[in-house]
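The block underneath contains the structure these notes are about, expressed in structure tokens.
There are 2 protein chains.
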Amino acid sequence: DVMSAVKLQECRQLISSQLDGVVDFWLKHSHDEQYGGFFTCIGRDGTVYDELKYVWLQGRQVWMYCRLYRTVERFRRPEILEAAKAGGAFLRKSARLSSSASPWKCAFCLTRDGKAVKVQRSIFSECFYVMALDELSRVTADPDMQLEAEQMMEQLIHWVRVDPSGLGRPPLPGDVATNSMAVPMMLLCLVQQLTEGRGQEMAQKYRELGTWCVSQILQHVQREGTAILENVSAAGAELPGSAGRLQNPGHALEAGWFLLQFGAETGDEEIQKTAIEKFMELPMEYGWDGEHGGLFYFLDVDGHCPTQLEWSMKLWWPHCEALIALLMAYRHTRRPELLRRFLQVYDYTFSHFPDDKSGEWFGYLTRDGSVALDFMGGPFKGFFHVPRCLLMCERLLDDLLQTHNE
Amino acid sequence: DVMSAVKLQECRQLISSQLDGVVDFWLKHSHDEQYGGFFTCIGRDGTVYDELKYVWLQGRQVWMYCRLYRTVERFRRPEILEAAKAGGAFLRKSARLSSSASPWKCAFCLTRDGKAVKVQRSIFSECFYVMALDELSRVTADPDMQLEAEQMMEQLIHWVRVDPSGLGRPPLPGDVATNSMAVPMMLLCLVQQLTEGRGQEMAQKYRELGTWCVSQILQHVQREGTAILENVSAAGAELPGSAGRLQNPGHALEAGWFLLQFGAETGDEEIQKTAIEKFMELPMEYGWDGEHGGLFYFLDVDGHCPTQLEWSMKLWWPHCEALIALLMAYRHTRRPELLRRFLQVYDYTFSHFPDDKSGEWFGYLTRDGSVALDFMGGPFKGFFHVPRCLLMCERLLDDLLQTHNE
Numbered sequence: 005d006v007m008s009a010v011k012l013q014e015c016r017q018l019i020s021s022q023l024d025g026v027v028d029f030w031l032k033h034s035h036d037e038q039y040g041g042f043f044t045c046i047g048r049d050g051t052v053y054d055e056l057k058y059v060w061l062q063g064r065q066v067w068m069y070c071r072l073y074r075t076v077e078r079f080r081r082p083e084i085l086e087a088a089k090a091g092g093a094f095l096r097k098s099a100r101l102s103s104s105a106s107p108w109k110c111a112f113c114l115t116r117d118g119k120a121v122k123v124q125r126s127i128f129s130e131c132f133y134v135m136a137l138d139e140l141s142r143v144t145a146d147p148d149m150q151l152e153a154e155q156m157m158e159q160l161i162h163w164v165r166v167d168p169s170g171l172g173r174p175p176l177p178g179d180v181a182t183n184s185m186a187v188p189m190m191l192l193c194l195v196q197q198l199t200e201g202r203g204q205e206m207a208q209k210y211r212e213l214g215t216w217c218v219s220q221i222l223q224h225v226q227r228e229g230t231a232i233l234e235n236v237s238a239a240g241a242e243l244p245g246s247a248g249r250l251q252n253p254g255h256a257l258e259a260g261w262f263l264l265q266f267g268a269e270t271g272d273e274e275i276q277k278t279a280i281e282k283f284m285e286l287p288m289e290y291g292w293d294g295e296h297g298g299l300f301y302f303l304d305v306d307g308h309c310p311t312q313l314e315w316s317m318k319l320w321w322p323h324c325e326a327l328i329a330l331l332m333a334y335r336h337t338r339r340p341e342l343l344r345r346f347l348q349v350y351d352y353t354f355s356h357f358p359d360d361k362s363g364e365w366f367g368y369l370t371r372d373g374s375v376a377l378d379f380m381g382g383p384f385k386g387f388f389h390v391p392r393c394l395l396m397c398e399r400l401l402d403d404l405l406q407t408h409n410e
Numbered sequence: 005d006v007m008s009a010v011k012l013q014e015c016r017q018l019i020s021s022q023l024d025g026v027v028d029f030w031l032k033h034s035h036d037e038q039y040g041g042f043f044t045c046i047g048r049d050g051t052v053y054d055e056l057k058y059v060w061l062q063g064r065q066v067w068m069y070c071r072l073y074r075t076v077e078r079f080r081r082p083e084i085l086e087a088a089k090a091g092g093a094f095l096r097k098s099a100r101l102s103s104s105a106s107p108w109k110c111a112f113c114l115t116r117d118g119k120a121v122k123v124q125r126s127i128f129s130e131c132f133y134v135m136a137l138d139e140l141s142r143v144t145a146d147p148d149m150q151l152e153a154e155q156m157m158e159q160l161i162h163w164v165r166v167d168p169s170g171l172g173r174p175p176l177p178g179d180v181a182t183n184s185m186a187v188p189m190m191l192l193c194l195v196q197q198l199t200e201g202r203g204q205e206m207a208q209k210y211r212e213l214g215t216w217c218v219s220q221i222l223q224h225v226q227r228e229g230t231a232i233l234e235n236v237s238a239a240g241a242e243l244p245g246s247a248g249r250l251q252n253p254g255h256a257l258e259a260g261w262f263l264l265q266f267g268a269e270t271g272d273e274e275i276q277k278t279a280i281e282k283f284m285e286l287p288m289e290y291g292w293d294g295e296h297g298g299l300f301y302f303l304d305v306d307g308h309c310p311t312q313l314e315w316s317m318k319l320w321w322p323h324c325e326a327l328i329a330l331l332m333a334y335r336h337t338r339r340p341e342l343l344r345r346f347l348q349v350y351d352y353t354f355s356h357f358p359d360d361k362s363g364e365w366f367g368y369l370t371r372d373g374s375v376a377l378d379f380m381g382g383p384f385k386g387f388f389h390v391p392r393c394l395l396m397c398e399r400l401l402d403d404l405l406q407t408h409n410e
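Those sequence lines, one after another, are chains A and B.
Following our numbering, the numbering of the first sequence begins with 5 at its first residue and continues without gaps.
Following our numbering, the numbering of the second sequence begins with 5 at its first residue and continues without gaps.
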């Protein structure tokens, strides 16, 4: 109808101008001209308050710059490509640990000039390394880089599905094998990254892995379909204690749009339905704060208090993921209920997170919606969730508005 | 004067009754009769919401029970001694990792029946193991147990002063040697624990270590004596970035009373003066929230926003440490300013943290003082800071009131 077309047009305008502002902020303040790579600890006024380089955020910024450069006309700018290349070179030179038993293990955090400071005993630095190199190889048409991304992917698959010992976590008798939602989500995201537009042979190569990731993600639907739990056993059973009861609504919503995209590409209606009902509508029900608005960061499915100190805070990224998920679901189904949900998150998000002063977003609000941490970038907030959300929503809104106008 | 005597008497009464209530809560809800040791994840109504056993908290509860049993007439109760013994047996049986390269490395967290779930690459599980066994050996008069505490202490000293490689942290080129305040504080606490009342030979054995710990703690006085910083270089210089600028006012206050006690025992006036001026008065100035009251958890010395999500929250333990520090300083100096400071913290603490329903304290408040996490015990809140504070303040108030009455 006309009402919703006007509203969607209004959303489209705000989202596009926000995307421009956010890109400008990072172009202006985050580039390390001396060593390559990006500063990510940046205050409201653009001050770099810490020079450490977090590998997750280095990889994500390379990916995001390349994705913008590759897919959006107005961002096909030399400075964006140059910064992405310098970031990629920094990663390739410094992220992998020469001292490690495995030549593929990456650091979590580096000094400005690329010396390893910390290593995590998990797979995520390596995942963002794959994302960065694959996307960069698409704009530079560099086959070596694409090959390196695929080689790292093989190592990741080995750690996750065959033998995790190379990650450095000692085996302990009480540490039961756990399916943490982040792992299959991340691998599914990489399957989509590596195969997108690369033809049937590549799709075939990663098909079994993609199906496995989906089945691992679906194990997190628990309590007879009434709850998404962050951690389940390797066999898909509920785990005891706080870890077993943990819910992360923003993460469920992110998994939702990964699944919906996968279901749409493979033509699997059942997955699409589950993605929307279980991974979007459900977390919007239990994850939304009826009192103050916004999505809680963590919850306990039985109503105990989560043990994470930040459980009731409102973080920027769950709201970014919710916007993508709900708008994508609306585009697929045209169910008005999903548009209503999207607008509910939209209103909260755009009235709380954007910082007019800097053009970027605050990342961390208290439960009642006031700013708790006032920096624009930090150890876990870089150039990723906000621009990915704005880019994807801009694209989805274009699609929707085009249909409206036809 | 009469006014302050009346006020101190009032404090003494509230503190003693709080101590009784807190002891009752843990006696009633935390004992695992089947496997020994203690549940520490406990809700307001006494429900155990997670059965994991955190080694820090196991060791601390053994220590606290024994200290109460040994030093306070009304707590010399068989059930307290029995629970401490069962906790000590659980620790000795399960805390040390049989699988580790070092026979002294302890787990961070165990299943209810004692299987290792997680290991930290730091020294603190082992520190609380020493505290527990030494204090338990004092009430059971068990020389083997005391010997084991001293053997573990030797291992700790080796890790901290000779070679940390046994902790499992891979050496990394960008990871510079850091003096984190927690390490010398913890070792100084253990020196006092192991030597208290054990005569000149034991005092002599640990004298050099104690002096070294004090010098390491004093390295954290930075910016020409105007700030206590949590992390400095091994040479005592300021470190770059957020980690280098980090302040933890409650931790500084805790170090303050450790130093004051050490200075009093060794008759070192200079250390006592530094303890009060630099580690108590200074953090009370910069750490107190002028707007809402209470001590911030973390601050950045240059006024940047800390990157810890919980930086502005009000936690129970910094307030416990502040109460001990300021009352101890007042007893030593009788300076009215220090009594005023004590009463400032006292008023905030007792109007915000105690939970009338359970008899225990809330641990985690938002910046404006409302309850953020409503459990009584959790992975980091056990039977330790609250009862240690109440016990020490009761003792200090008795001393002060006795002098008044003489």
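Idealized CB from N, CA, C, for every residue including glycine.
> Is C70 (chain A) near the ligand COA, in the sense that its beta carbon is under 7 Å from a heavy atom of that ligand?
Replying inline: Looking at this structure, you won't find the ligand COA or any other ligand, since it has none at all.
> Roughly how many angstroms separate the alpha carbons of L394 (chain A) and S20 (chain A), rounded to a whole number?
Replying inline: Approximately 7 Å between the Cα atoms of the pair.
> Counting contacts by CB-CB distance shorter than 8 Å, is C471 (chain A) in contact with chain B?
Replying inline: Here chain A comprises residues numbered 5 to 410, so residue 471 (chain A) is not present and cannot be evaluated.
> Could you give the residue range of the alpha helix (DSSP H) that holds D372 (chain A)?
Replying inline: Here D372 (chain A) belongs to no alpha helix (DSSP H), and DSSP marks it neither H nor E.
>> Going by DSSP in three states, I161 (chain A) sits in which element: helix, strand or coil?
In response: I161 (chain A): helix per DSSP, three-state reduction.
>> Please tell me whether L176 (chain A) has its Cβ less than 8 Å away from any Cβ of chain B.
In response: At least one CB atom of chain B sits nearer than 8 Å to the CB of L176 (chain A).
>> Quick check for students: name the residue ranges of the alpha helix (DSSP H) that lie wholly in the stretch 248-298 of chain B, counting only runs of 4 or more.
In response: Correct list: 253-270, 273-280 and 286-291.
> In terms of alpha-carbon separation, which member of A:L264, A:F132 and A:C45 lies closest to K57 (chain A)?
Replying inline: For K57 (chain A), the closest of A:L264, A:F132 and A:C45 by C-alpha to C-alpha distance is A:C45.
>> Less than 7 Å between C-beta atoms, sequence neighbours within five positions excluded: which residues of the same chain meet that for L194 (chain A)?
In response: The beta carbon of L194 (chain A) is closer than 7 Å to those of C131, V134, M135 and M157 in its chain, skipping five residues each way along the sequence.
> In angstroms, rounded to a whole number, what distance separates the CA positions of P287 (chain B) and S129 (chain A)?
Replying inline: P287 (chain B) and S129 (chain A) have their C-alpha atoms spaced approximately 37 Å apart.
> Can you list the alpha helix (DSSP H) stretches of 4 or more residues lying completely in the stretch 188-244 of chain B, in chain order?
Replying inline: Runs of the alpha helix (DSSP H) inside the stretch 188-244 of chain B: 203-222.
> Nearest CA to the CA of L137 (chain A): which residue from A:M68, A:W292, A:L343 and A:V218?
Replying inline: Nearest of A:M68, A:W292, A:L343 and A:V218 to L137 (chain A), Cα basis: A:M68.
>> Does chain A have any CB closer than 8 Å to the CB of F412 (chain B)?
In response: For chain B, the structure presents residues 5 to 410; residue 412 (chain B) sits outside this window and is missing.
>> Whole angstroms are fine: how far does the CA of G41 (chain B) sit from the CA of A90 (chain B)?
In response: When only Cα atoms are considered, A90 (chain B) and G41 (chain B) end up about 6 Å apart.
> Where does R116 (chain B) fall in DSSP's three states?
Replying inline: Here R116 (chain B) sits in coil by DSSP.
>> So for D49 (chain A), helix, strand or coil by DSSP?
In response: Reduced to three states, the DSSP call for D49 (chain A) is coil.
> Based on Cα-Cα distance, which residue from A:G201, A:A329, A:I84 and A:S106 lies nearest to V66 (chain A)?
Replying inline: Check the Cα spacing between V66 (chain A) and each of A:G201, A:A329, A:I84 and A:S106: the tightest is with A:I84.
> Which residues, taken in chain order from the stretch 185-200 of chain B, show a beta carbon closer than 8 Å to some beta carbon of chain A?
Replying inline: Within the stretch 185-200 of chain B, no residue has a Cβ that lies closer than 8 Å to any Cβ of chain A.
>> Using the Cβ count rule (16 or more neighbours within 10 Å means buried), how would you classify T353 (chain B)?
In response: T353 (chain B) should be labelled buried.
> How would you list, in chain order, the residues of chain E whose beta-carbon sits under 7 Å from the beta-carbon of M317 (chain B)?
Replying inline: The displayed structure is made up of protein chains A and B, and chain E is not among them.
> Are three or more beta carbon pairs between the stretch 29-43 of chain B and the stretch 376-391 of chain B nearer than 8 Å?
Replying inline: Yes, since at least three Cβ pairs between the stretch 29-43 of chain B and the stretch 376-391 of chain B fall closer than 8 Å, the two stretches touch.
> Going by C-alpha distance, which of A:V225, A:E295 and A:S126 is nearest Q159 (chain A)?
Replying inline: It is A:S126.
> Where does T75 (chain A) land, buried or exposed, given buried means 16+ other C-beta within 10 angstroms?
Replying inline: With fewer than 16 Cβ atoms within 10 Å of its Cβ, T75 (chain A) is classed as exposed.
> In angstroms, rounded to a whole number, what distance separates the CA positions of S415 (chain B) and D148 (chain B)?
Replying inline: Past the boundaries of the shown model lies residue 415 (chain B); chain B is included only from 5 to 410, so the question cannot be answered.
> So, using beta-carbon positions, are E139 (chain A) and Q197 (chain A) closer together than 8 Å?
Replying inline: The beta carbons of E139 (chain A) and Q197 (chain A) sit closer together than 8 Å.
>> Just to make sure I have the definition right: I need the residues of chain B whose C-beta is within less than 7 Å of the C-beta of G254 (chain A). Which are they?
In response: By Cβ distance, chain B contributes nothing, its closest Cβ being about 14 Å from G254 (chain A), past 7 Å.
> Buried or exposed: which applies to K97 (chain B), given that a residue is buried once 16 or more other Cβ atoms fall within 10 Å of its Cβ?
Replying inline: By the 10 Å Cβ count, K97 (chain B) comes out exposed.
> Between C113 (chain A) and A88 (chain A), is the Cβ-Cβ spacing less than 8 Å?
Replying inline: With respect to the 8 Å criterion, C113 (chain A) and A88 (chain A) are not classified as neighbours on the basis of their beta carbons.
> Just how far apart, CA to CA, sit W108 (chain B) and P177 (chain A)?
Replying inline: Our two residues, W108 (chain B) and P177 (chain A), have alpha carbons roughly 17 Å apart in a direct line.
> Can you find at least 3 beta carbon pairs, one from the stretch 19-37 of chain A and one from the stretch 7-26 of chain B, that sit closer than 8 Å?
Replying inline: Because the criterion of three Cβ pairs below 8 Å is not met, the stretch 19-37 of chain A and the stretch 7-26 of chain B do not touch.
>> Does the CB of G382 (chain A) have a neighbour CB from chain B at under 8 Å?
In response: So yes, G382 (chain A) belongs to the interface.
> Going along the stretch 48-62 of chain B in order, which residues come within less than 7 Å of chain A, judged by CB to CB distance?
Replying inline: In summary, the residues of the stretch 48-62 of chain B whose CB is separated from some CB of chain A by less than 7 Å are Y53, D54, E55 and L56, in the order they occur in the chain.
>> For the beta strand (DSSP E) containing T182 (chain A), name the first residue and the last one.
In response: Run containing T182 (chain A): T182 to S184, per the beta strand (DSSP E) assignment.
>> Rounded to the nearest angstrom, what separates F366 (chain A) and L192 (chain A) at their Cα positions?
In response: Approximately 29 Å between the Cα atoms of the pair.
> Is there a Cβ from chain A that is less than 8 Å from the Cβ of T370 (chain B)?
Replying inline: Yes, its Cβ sits closer than 8 Å to a Cβ of chain A.
>> Excluding the 5 residues flanking G307 (chain B) on each side, which residues of the same chain have their C-beta closer than 8 Å to its C-beta?
In response: So no residue of the chain qualifies.
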